[in-house]
Each structure stands twice: as C-alpha cells, then as structure tokens.
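J.: Residue numbers (the working numbering), protein chains in the order written: chain R, 517 to 802; chain U, 517 to 802; chain S, 517 to 802; chain C, 517 to 802; chain F, 517 to 802; chain A, 517 to 802.
Just dropping this structure here.
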C-alpha cells in the first residue's frame, strides 16, 4: 500500500481537526505562542512499530521536526524512545493525542499480527495471515497498512477489488456453481473470484466451478485436512488458494497452519485492537 | 450528545463510500438489480446495544426498512436478532459490513463501559466512569456516544471544551499555581479547569489555586484516600471534583471507587475495544 | 460496478454545483419560481444508452420526475425520446446541461464500446474488449460504468486492485522474473499479477514466473500468434490470460481477435470519447 | 482564467486520489521506497501543449522536480520530450497516469481549438472560436483553460456569468422581447444578455429588444449573411455581437467565418476530445 | 440567483454542523428524544424578510414543518410571527441559533438595501443600488441573495464574471487604454469590461477605449455631473454604464442618484450588516 | 483559541476559492504572469488589529511574503500601513479582496469589543465582556478569535461545550430545578451548567439547584443588584457566576458593570459588525 504523502496528509489533518474543534483552549490560555520544545515518544510496553511513516507526514505538515529511532516493522522495547519530536510547543501539545492515538492503534495491530506471523515463520510454514474488512470505519488504509507492517496480508481493500461470494450471496443466487459462473461472465478478468463454503463438498464444487480462492468458513483443522484431501483426489489442488476463516486464535493457529491451508484470516487483528501504551514527554523547553 | 440525523448521515455515508470504492464488484456481477431481501442482524454473544440510532439513520438514507428489537442501552443475548432489515438486495449486501463494523464497535464499547458502571451501581456508589480522548481517529462522536450509552461520562469532546493542564503543560509553565492562574485569566469563564497532578501535595496546590477538577494521575487507592484526607483538612472538599486516572481495571475498580473519588477515567474502553460478534443473515429473498 | 444511490448522488450534485456557480442567473431573471414543465431528452443520432441510472438518481435528488424509455444498454434511434422529465421549470433548466453532458459522454463511451463488442460477438469469438485507466480525471466511475454497459470489461478501477508490472517498473526492478517474484511475495494473494511484455520471449518468461495475465504491448496479430504458439510449446496456455494492447482499431479488431488472444484493451474508448448528440426539449408548460 | 496554485492543487490531488484508491499495490510490492528516477514525458504525435502549468503544480505538491521544455500554447512535435520529471520512483509511477490523462486531454483540446483558430488567423479574419458548457463533468476549469491556451474563447464558465436565453426559456416566457425585457430588469447590470434565435427575423427582434449577443442557432452561412444584412438595414450592427452555433466543422469553418459573424462556437472541442498520445518513460534509475 | 435546493442544503448543513460540534450537550441531557414542539420565529423590529427560502430548505432537510407567514422581500412588523416551525424538540432547539443567525443577517442586509432602493423608487429615479464583493467570507451567495431580495443589484459574484480593472491593475498595466485594449483582446466576449477611474478625464479615456461600465471612484455628485457632461460632449453617453462608488450614504443617496449616474454601489450593505432582532419561541409542547 | 496553521489554511483557501470561482478573469486578461509587486495594506480609520495571524497563514500558503507592522491586539491609526505584502502580481490581486474582507471584519469585531473592555478596565472593574453564538454562519472561529483579540471572552464555541438551559428548554422540562437536576445527572462532569432566568427569584432557584452560571436575561441594572442581594442573603454568592445579557450598549455598559455582575454578554459585537475600512495599495511593480 503506497499512497503519496499529500493524500495521507489530508486524512491526517482531518483526524487532527476532529480533536482540535474550534481550537485548543488549554495551550491558548497558558502556553506562550513562541515557546519551542523537544519531546520524546516513549513506549511503555514492547511491540512492533507501525504508523511511523504516517506520523512523519503529519509532523512535516505541522512544521515539526521528527526523528524516528525505529522504522515501521521494527521491534521496540519497553521504555524505548521511538520518536524525537521538536518544534513549536503549542503545536506539539495540540497534536500530541492525535499522534499517539494513531501510532498506538497501528502499532497494536502490527504487534498482534506479527505475533501470529512469527509463530508461523518459526515453524517454516508458509501460511499467510490475512486481515478482513472488519476495520474501524474510516480507518481502512491505516488498519490494513498496519497489518502489512506486521507481516500480514491486507486481503480486500474495497468491495471493488475481489469477487467474494459469501453465504448471503449464495442464498440469493441459488448455488455455488451459478454464482461462480455469473461472476466469471460478468466481472472483470482482472479480479480473482473467491467463494465462501461451509462444507468440504461445497469446496469441491467451488473448485470445479473455477473459483480462484475458496474460503473455508468455520472449518476445524480436521475439516480443512478433509477438504485438501478431497481436492487432491479431484485434481484441484495447486490451482486454487485455500483460506480458512473463523475460530482461529493465537493458541490454535499452528494447528490450523499445519493443515497446509494457504491463508488464515482473522477479523480480530483489526476489529478488536489492543493499543500499544505510548506517551509523549517533553524533555526540553526552549 | 445529540447531532441531527443529517449531520450523522454525512459521516455514515463517508464510511460506506470508503468500503465501496468504485463499486461492489460482487453484487454487480451476480445479484439481480431488482431483488429484495429480508435480513436479520444477529448477536453471537450478549452485550449492550449501541449504534442502533446511527444505523437507523444510515438505513433510512439507503432506502432500507429497519426495525430494531433493541434500543441503544438495552441488553441483548446470544443468538438474539437485534435488527430486522429489508430492501434492495444489492444495497443490503453492499452496506452489510459498514453496518456491522460500526454496530460491533459501538456495542463493544458500550458493553465494556456498562460492565464497569454496573459494578459501581450495584455497590450504591456514585462514582462516574469516564472515557478519555483516546478514541480511534475519526470516530470521536461514535466512540463517545457508545460510552454514554453504556452509562459512562464522555469527558472532553474536543480540545476546546475544557482546560486540562497536564504534566507537559506544567513542564513549560513552571508550576501548577501559575498554570491555573493563567487559565483563569485567559480562558473563557464557561470552561472548567482541570489539573493533572502526580502527588497528594500537588492536588492540594491545585485545589487552592482554584482548579475545578483534579486528575490524580496513577494514584493508588491509598494515595487517593490520603489526598481526600489532605483536602478535607484544607477545607477544599466539596468544591473540587477528583478524577482518578491510570491503573484502573475491571478487577480493581471497586477498590478505587470505594475511596470516594468522584470519577474514574479509563483509556481502555475506547482505545482497546473488543468488538461484539454480530452477523447479518438473509432470511428471505423476494 | 454497484455504488449505492446516495454515494452517486454526492458525486452528481458536485457536477451540478460546478455548473451552477453562485446560481443560474438566467432562470432567476426570467422564469417564474412556480412554473412547472414537461421535457423530453431526445437523441439526434442512434447509440447505446448509458447513464440512465445515474441521471435517475440526480433527478430524484432534485425532486424531478423521470421516466426512462430506454434502460442502460438499450439501443436508441435518431429522434427517439429516451427520457421524459417533469417538474419545476427552474430546476429542469438549471440541471439540463449537467444531465446532458453526463448522458452524452456515457452513451458515447457505451456506443463505441458496443460497436467493438458486437463485432466480436457476431463472429462467435469470446475475446473481451477492455478499457484502461485512461479515463477523464474525476470520471473513473462513470467512464468505466459506461464501458461495462457497452459490453466491455472495466479492467483496473484503482491502482490498488491489480498488480500491473509495466516497462517502467521493470526498468527499476531489473527483470520480469524478479518483478513477478517480488509481487508474489509482497502483494496480497487476493490480487492477480499482470506483466507487460514487448516480445514473445518475454511473455514466456512472464508465464514461467507465474504471471496471471500477460499484456502483449504493441504486438502485431502475427506476433500474438507466435506468442500463443510459444506458450503452447511451453505448456503455459490455459493458465495465463493474454491481453493485447496498442494499435487496435475498429477496423483491425477482428484480425486481432481471431488470433485467440483473450482480451483486447483500448485506451481510445475512454480517452477520446465522441459524445452522443442529445438535447432536452420542453414540451409542456404547466 | 487564473486560479492560484493552492486552489488547483486541491483539485489535482483529488484526481490523483481517485486513481490511487487505498494505495498503489504494484509499486508497494516491487519498487524500493528510496529509489529515485528521472523520466521523460514524450509526445507520440504533434500538437499544442496545454496543462503544463497544472502539472507543474501537481509535481511541486508531490516533491517532484519538473522541467518543461514547452510552455502552454507552444507547438510540440512527434517524439519531442515535453517534460523532464525526477524524484522518488514510487511517486513518479503512482502519479504517471493522472499526469498523462490530464495533459493528454488538455493538449487534445488545445490542439483541436488551435487548428480552428489558426485557419481563421491565416485568412486575417478576426472571428473568435468559442467553447460551450459541453465540458466533461468536473473538468470545467481544465477544459476551458485548454480552449483558451489553444486560442479560443471560454464563453460562459458557470450559469451565473451571462444571461443566455435559449429556446427552452422562450418556450416558457413567451417571446424574445419579454425575455430580454425581464432579463434587463432583473439581472445584474454587470452581465451581458445573449439570446438564441432560430430565424433572421428573431435576430432582429432580439437586437431591437436590446440583446448584447445573439446566438444564431443552426444557421447556414447564407442565413447568417441574411441576418447581418437585415440588422444592417435596421441600424443594429455594431451594437450587438453575433455568435453562430451548430453545424460548424473544421471543413466549413472558413465559409462560416467569411460571413462576418463575430463568434463561432463549437461543442465538439470539449465534448468529443481526441487526447494527444503521450507517454512517460523512465530514463535513469538513481 | 437560483441554486437548486440540494446545493443549498449542503451549505446550510455545514453551518449547522459548525454550531453543533460533537453534539448539543444541553438537549441531550434534558430534553426527551421523542418530544415534539411548535415554535414561532418572532420579529422584534420591522424589516424586509430574506432567507425564508433558505431556511425552508434547511427545515425540510431536518424533517421540520415550516410555514412562512412572509415571503422573501415582504415587509414584517415588530412582534410579527414570521415563521411557524414544528417537529422534534431536540432538532428545533439544536437548529434554532443557525436558523436565526442566517435569517437575521439576510433580513438585515435586505432591510438596509431596501431602505436605499425605496428612497430612489419614490423619486421615480431608475438608479440601481448595487452591492460589492465586500461580503463575509463564505457567505457570498447568502449576502448577494439578500441584496437582491432587498431590491439591489448583486454586481459581481466571482472574480470570473466581469472584467473589473481597478487602480491596482492600472498601476501595473500602465494606462486605462492599454488595460481596456488587453481586456478586449484576451477576455471572453461574454464578459463586460468595467474600469475604475479617479477623474472625469479618465472616464472619458475609458469610454473611448470601449469600456462597458465606468466606476467613478469617490466622485462627488458635482464630479459625476461633470463626467456625464464630458461624456455627452464626446458622444459617449448611452453606450456606457456609469457606476458611482465611495462616500455614498443613506443621507446623501438622493443627491448622488439625481446626478443621473446609472448605479450606486455600497460596500456597507454587506460588510457592515446590522442584523434584524429575531427570536424563536416555543409555543406548544406535544 | 489555537488551531494549527494547516487547519486554518484549509478554511482560508475555501474563502479564497469562493471569490475566485473558475478564475480571476481580470488578471488573466491584463496582468503578465511573471510580474511581481509590493503592496501595502493601509487603514483608513483607527482600530484594533485582528486577523493578522490568519492572513499570515494565507499569505504563506500563496507564496506571498508578509511583514506585519502590527500584531493581533495592537492599536493602529488612520493611514497606518499595517501589512506589507509582496510577491506575484496576479496572486496579490486575486487574493486582495479575501484578505481585506477577513481582516476588516475581524478588526471590526476586535475594535468594537475593545471599546467595551477598555471602558471597564479604566474603571478598575473586573467584569468580563463576552460574545454569544450570534456569529456569522461559517465564521465561528474567526468571529470568536476576534472577540478574544479585543479582550473579550469567547463564551460557548459549540453546542457541545457548556450546558446552557434557556427559556425554550425550561418550557419543555417544566422547571429550572428539574432542568439543572437532569443536566447534572446526564451531562459530563467536565461541563459547567448555565441557566437563563427572567426574574431574581428564578436566579435564586437556579443557584440553589446548583447552576454554575446564571444568565440574567434582560435584567435592568437595578434588577441585577436585587438579584445579587438576594443571592447574598441565601449564601449563594461566590459559588455562582452571574452573566447579564440583553439591553447592554456602549453607553450604559458601566452602569451594568458597576452592579458587580461578573459577565456582560452582547450579541451585537458579532452579529452587527462594522468592518474597519482597509485597502490594499500596490507600491512597487517589479
């Protein structure tokens, strides 16, 4: 995901404006207009940094000098200073919470994602960990970017970039076969077609109908193995990507990964984010 | 928090547009334009409903019929149908994820907040549970509204509606007394003045300087009691509101509340939200 | 491409506002505020209708009654009344040009696309005609939708929905193989990977590297045949989609299509649009 | 037409954001973040440059260095490098299509306009070539600016800057005389009043009623001459500007111009644009 | 000035959103969500109504029922109820101030303008009273519309709808003649050309150079008479419109008008507005 | 009130864009693109400067050099040059009116406010002069900032930052006591509660109910004194802030202030602004 800085700047200033309202009443009342400060952004727990690139764009827009001690994707430790920020005191204090809110959320997502991807990596498996569209409203770019920084796969970014036929679609269309057939006919050849299935037999139908990706919805590891075996018998393996979704946790993830499924997708890494505890501390008044 | 429907509609359509991108490729490819459906939004865990009013605004804007079986603030149970939705099939399917993402997040916040406020209520204490500005960027209204639905206090909505002097401000101004003095002189008489303090003695200084609210930052319950005792000796109780912030959890909250502090504020209820598991299921195709 | 009406409405009102400026000076000066009219939108040449759905959204938003005599994708003849519109006279006259400009452009794109797709269809070939990203700035949705209405394939909608490695990318990365390898590793599994090649041998490299789609850039029909033959020898046909781009015109399109290439893409259908000549004529003053 | 750079920048970044979506997936996957490139924008056909000023604003906004070898209004030849661009490789590649789409369209409009204005100029006639409001939705500024660069007259920019009474208005008001009378009474004295007429006699009525400009709608050159003769007899020449609209092409334009009509307006130069074929080629990787 | 309701609605909801912030804290705290009310908007001084059409658009958007007892341009008396409003109590109270602020300002402008235009009308003079571009930032449409409602002329709406050469332009171009010559050559034939002059002799130069309108800047009535006399001698009257600007007040306006000048323009009617005193009073709680 | 420059820039460019429309037709026609100028902004009457900070942000955004000879809050005299501006001639001329309109309005508000605050200050009274929400739609920030620059108190900025119970609220709730009780229960502890009363006895009720601020609506100085006396008897003074509103003018303000009331609020300083007469004069052409 690469958006130019100017496009990001617009979104970031929107977040700041939401917090500022008609103006920061505290700094206007008690902080002189021409004071400058240096400040540290300090981690109070360890994690994986994400949002550094975005905060750098915001800082530049606000005429603040930013030196990052970690890059996106780097590990930081408890008590580590991850960013030095300096510039006008009112601006630093007014932007403090917007900066921390974004950085804490994005780093929280990257850290949770990375915990999962590292587990997989250590076993030498190649299973991908993927996000879903269960992101916070308005934060699609930032949530997905953080997943990617944590080593995960962004999955769909919009409703326009993949045909994903779910149970609700099939309830209307009638069958997996018809849905795939219609999708292949009507959708652009540039899109992959994914189908959500509830049982191994449906996976076989979807594969035969020509799905590029099959989402095994709420399958147990055992059911996933059965599905792979069934597809092997039908000569459908290698052609289709298998994605398992539902019921996967940090605890059982290796059990799922070891089935040989290609992708494990989890809504939790974006819909139930645990923010990383960060704070901004003024270190020098100039 | 009351914003008229039209103001909410603009924000909600922005969330939908983010998800839609250039258009839902799946429904366009396989769902007939004139199919209508009925659908249920079902809870897969119990909780406190929030976001119902907002989703009703979005549904109306999209010409969908919505019947809510629960109102904001009501308890729902696992497997309960909380909303019936009907209308154009493409529209229902395109809006499904936006609806669920907002409803799950808001209900998650309300449920977590309510768990805390109910603990307090059952003890007949009157301690308030308050949120902070640690909301997801762009979601200030929705996160704060959900806190309120869960029985919590919204605290500040913008940087413009309360003077809140924190340690970083004092690092520049020099002393609690000077900060309060300047705030009283320069800020509007319509704003309260809150000061963050690190030790009981600072709380005393802040009270004497005329703070309306004192935030006891990372105080233990024992330190809170000492502070209240100190203020009592100084004749400052009754005039000032005491807010405790930092280190408070669902486990120790009654210990904190029993100190007699007025407000307990927690960043976690908005920065580390656990979404409620909800799904939309089509029940009838027309 | 399906975007809900409310999302379209915002874009369409933006187009109207651009034309209105601070207000329509002519109707304000000479047309009574409470006059109503009936009007016809008449075609002055034959073509394929596109934009009808969009104009219906705009008309509803403006409280105008619209009856369309043709649906998107239908053929209309010279002098045919394609839409009846009625309502407030000032509103009809103020919106006239915005309505016609969009309808004329979209119908022009659909008509040009349809001319090509019909040529293919009549030969019983299944070659797809596709658009490119050479759309008018700000009109991506409308230009692509019109291509689709005309029977064409939208191709990419954004830079986020397909990996398309072009010569400029390869100039930086170094080789087709490296580019595909990096793309496969770093991009989401939900995206297809397309590679632009200049010679049959490069097509072979791209296919072996695992490209999902190969764009044969400025190939003659003869070179396309050589490429298909080469891929057949290498056992790569059937796995990869071949797209031919550059030099294709209405005159030579069957020559290209008969090579067996899967997709023919043309920038002209969106970057050099010939608008359909339509006018709005008031038929009754009420 | 002069709008400050910052106003243009907002529009141009909107065009870029439309193309980028949630981010350029290709450059993010395969182009290193810190690579720099030099690139040429090359013409593949000759024409008149337009959009150079606008692209310079966009390049500056994106921190790209731009050197233009031609200015707006200059002639360029086939194979000529019209712009050198350098900077971050990801940014260049992400912005490539937005830059080319705007430049190709604007140069196409300027070239088509210039072909007409040059024909006139070579005959020493002073007839003006003017555009209409038949511009692409959302591109009013850019289409009109390109007309001007090509030597044409922008005509109306909004519905607010000229009173233009067309047949549909007269159908409601009743007569040319009443329309002009009402316009003169109710519209600002700062606006000219133009009336569209279908016959020479109506032109006489409009002139007598005090129209500043008369649009001769679909008049043949012979009818235009009759109209001028009629106005001369009535002593109305010199006071009123005559504009001929409808049926004018590159082939017959001198025939129209030689009638002595003041202005020839053509919808085609903006509603049926033939884009100039331009490409961006990376020349150096740094 | 006629802008469709939907375009107005967007601007009006922007004004409301500015006032609401994150939500009306008072109604949320104390007014039941389902209470309905009837309310009167009452005038506390007499004047000319303006803004009624705009407020009707806002009321409809907010699902409030509005009955206006006066139309735009009508006279209202002290204590007169000008509007009856009914609907949801929270909505009425939240929108109250936005409604009154706009209505009071627009009616204030219309009343002040009308005072001047009535003075002229009673003398049977036909001098026009015109506004300038000295409107409140962001309120161009509303301020100019109110001038028009009060019987005044809007003058320019944007910098794009009239060529107005002022002293600062002439300081750069060098002379009135050169400025008019360049304007005639480079500007669209659809625009009038106005020139600001400081002395009668300059007015003569401007007229001879072909200006459509001459602004007599800070001329006394005596100087205006001299100018008209000078132009008469030169045979330039009848062709050019004379506008007097600067130093005109309600007291001396007839003295200016009696000179025979065509237009009197005053910045005061929009830059120094005296709002009409209006209030909203709830008359019934349902 | 402190909003970062980038947030201000967006608002200011919006004001400029409103004035520019599709482009400044005059400068485009007659001013060379590469001319530079120096210009003075000159005061034609004395006053208090406000808006200097905002105009500096706009100038920087437009690449103009600005040197201010006065700071916000400073006194300027008739004929004083308050700002020197230099840069591109077209940009200076295009932005001239937007700059002057904002500066004239803000300085007008600051000057009127300052006249009142100075009267108070000279008597050694400490009464505050406060604004209301009667600001021009869309100009809340600028109007309130100007009040503050003039020495006044901004009062509420949004409907979200103070509970203000007015007569219309009480008409629904039933009594002052109930309103305050509900507000105290339902509103955030971070907000003050203000109640509007019509009679001294109601003020007593409000004070006893726990209001933080009491607005004495349309009280005479005598009634204010009675109220203060009554509250003194009830032991309520010192706890509650008294604000007098209605009927206060520059003439009688000291009479009101001498009653000992804490705050005097006036709608006039923002709803009926007299702009300061400023002009921009080009002093050098380069």
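Virtual Cβ for every residue (Gly too), placed ideally from N, Cα, C.
1) Are any of the Cβ atoms in chain U nearer than 8 Å to that of residue 816 of chain A?
2) Cβ atoms of residue 585 of chain S and residue 573 of chain S: under 8 Å apart, would you say?
3) Taking a Cβ distance cut-off of 8 Å, strictly less, list which residues of the region 654 to 685 of chain F are near chain C, in chain order.
4) Closer than 9 Å, Cβ to any Cβ of chain U: which residues of the region 541 to 556 of chain R, in chain order?
5) How long is the line joining the alpha carbons of residue 658 of chain R and residue 618 of chain R, rounded to whole angstroms?
6) Under 8 Å, Cβ to Cβ, is there at least one residue of chain R near residue 739 of chain U?
7) Please report the straight-line C-alpha distance between residue 719 of chain A and residue 734 of chain A, rounded to a whole angstrom.
8) What does DSSP give as the partner residue(s) for residue 554 of chain F in the beta ladder?
9) For the region 539 to 553 of chain U against the region 552 to 571 of chain F, are there 3 or more C-beta pairs whose distance is under 8 Å?
10) 8 Å is my cut-off, CB to CB: does residue 538 of chain S come that close to chain C?
11) Let's test the definition: count the other Cβ atoms within 10 Å of the Cβ of residue 548 of chain R and tell me whether it reaches 16, buried, or not, exposed.
12) Of all the residues that make up the region 702 to 718 of chain R, which are near chain S by a beta-carbon distance shorter than 8 Å?
13) Any beta carbon of chain U sitting closer than 8 Å to that of residue 644 of chain A?
14) Select from the region 552 to 585 of chain S all residues with a C-beta closer than 7 Å to any C-beta belonging to chain F, and list them in chain order.
15) Which whole-angstrom value describes the C-beta separation of residue 669 of chain R and residue 705 of chain S, a residue pair presumed to lie in contact below a C-beta threshold of 8 Å?
16) What in chain F is Cβ-close to residue 607 of chain S, meaning under 9 Å?
17) Kindly indicate the opening and closing residues of the beta strand (DSSP E) around residue 581 of chain U.
18) Taking Cβ positions only, does residue 779 of chain R come closer than 8 Å to chain S?
19) When DSSP labels each residue in this structure, what does residue 755 of chain C get in the three-state scheme?
20) Could you name the residues that DSSP lists as bridge partners for residue 597 of chain A?
21) Taking the alpha-carbon positions, what's the residue 788 of chain S to residue 631 of chain S distance?
22) Nearest-angstrom Cα distance between residue 675 of chain U and residue 535 of chain F?
23) Would you report the Cα separation of residue 546 of chain F and residue 776 of chain U, rounded to the nearest angstrom?
24) Once DSSP output is grouped into helix, strand and coil, what is the label at residue 792 of chain C?
25) Can you pull the DSSP bridge partners for residue 732 of chain C?
26) For chain A, find out if any of its Cβ atoms is closer than 8 Å to the Cβ of residue 693 of chain F; answer yes or no.
27) Helix, strand or coil for residue 642 of chain A? Go by DSSP, reduced to three states.
28) Compute the Euclidean distance between the alpha carbons of residue 700 of chain C and residue 679 of chain C, then round it to the nearest angstrom.
29) Helix, strand or coil for residue 535 of chain R? Go by DSSP, reduced to three states.
30) Put residue 669 of chain F into one of helix, strand or coil per three-state DSSP.
31) Considering only their Cβ atoms, is the gap separating residue 686 of chain U from residue 728 of chain U smaller than 8 Å?
32) With a cut-off of 8 Å, do at least 3 Cβ pairs link the region 608 to 615 of chain S to the region 768 to 783 of chain S?
33) Put residue 523 of chain F into one of helix, strand or coil per three-state DSSP.
34) Strictly by DSSP, which residues pair up with residue 563 of chain C?
35) Let me see if you follow: with CB-CB separation under 8 Å, is residue 535 of chain U close to chain R or not?
36) Return the chain-ordered list of same chain residues with a C-beta closer than 7 Å to the C-beta of residue 771 of chain R, the five sequence neighbours on each side being excluded.
T.: Checking against the coordinates, here is how it stands:
1) Summary: the structure shown does not reach residue 816 of chain A, with chain A confined to residues 517 through 802, and so no result is reported for it.
2) In this structure, residue 573 of chain S lies away from residue 585 of chain S, with their beta-carbon atoms at least 8 Å apart.
3) The residues in question are 669, 670, 671, 672, 673, 674, 676, 677, 678.
4) Along the region 541 to 556 of chain R, the positions whose C-beta sits under 9 Å from a C-beta of chain U are 541, 542, 543, 544, 545, 546, 547, 548, 551, 553, 555, read in chain order.
5) Computed Cα separation, rounded: 8 Å.
6) Not closer than 8 Å to any Cβ of chain R, the Cβ of residue 739 of chain U fails to qualify, so no.
7) A straight line joining the alpha-carbon of residue 719 of chain A with that of residue 734 of chain A spans about 13 Å.
8) Residue 554 of chain F pairs with F:602, F:800.
9) Contact fails between the region 539 to 553 of chain U and the region 552 to 571 of chain F, because fewer than three Cβ pairs, one in each stretch, are under 8 Å apart.
10) Using a CB distance cut-off of 8 Å, residue 538 of chain S counts as an interface residue toward chain C.
11) Only exposed fits residue 548 of chain R, as fewer than 16 other CB atoms lie within 10 angstroms of its CB.
12) So the list reads 704, 705, 706, 707, 708, 710, given in the order they occur along the chain.
13) Yes, contact with chain U.
14) Listed in sequence order: 577, 578.
15) Right, their Cβ atoms sit about 6 Å apart.
16) Near residue 607 of chain S (Cβ distances below 9 Å), the residues of chain F are 518, 520, 521.
17) Here the beta strand (DSSP E) through residue 581 of chain U covers 581 to 584.
18) The beta-carbon of residue 779 of chain R is placed less than 8 Å from the nearest beta-carbon of chain S.
19) It is coil, neither helix nor strand.
20) For residue 597 of chain A, which the question treats as bridged, DSSP gives the partners A:558.
21) Note on geometry: alpha-carbon atoms of residue 788 of chain S and residue 631 of chain S lie some 15 Å from one another.
22) Going by the C-alpha atoms only, they are around 16 Å apart.
23) The C-alpha of residue 546 of chain F lies about 27 Å from the C-alpha of residue 776 of chain U.
24) In the structure shown, residue 792 of chain C falls within a coil segment according to DSSP collapsed to helix, strand and coil.
25) Partner(s): C:713, C:760.
26) For residue 693 of chain F, no CB of chain A lies under 8 Å from its own CB, so it is not counted at the interface with that chain.
27) The answer is coil: DSSP assigns residue 642 of chain A none of H, G, I, E or B.
28) Residue 700 of chain C and residue 679 of chain C have their C-alpha atoms some 9 Å from each other.
29) In the structure shown, residue 535 of chain R sits in a helix (DSSP, three-state: H, G or I).
30) Strand, per DSSP.
31) For residue 728 of chain U and residue 686 of chain U, no; Cβs fall outside 8 Å.
32) At 8 Å Cβ cutoff, the stretches do not touch.
33) Three-state DSSP puts residue 523 of chain F in a helix.
34) DSSP lists C:592 as the bridge partner or partners of residue 563 of chain C.
35) Output row for residue 535 of chain U: interface = yes.
36) If the five residues before and after residue 771 of chain R are omitted, its C-beta is found closer than 7 Å to the C-beta atoms of 737, all from its own chain and listed in chain order.
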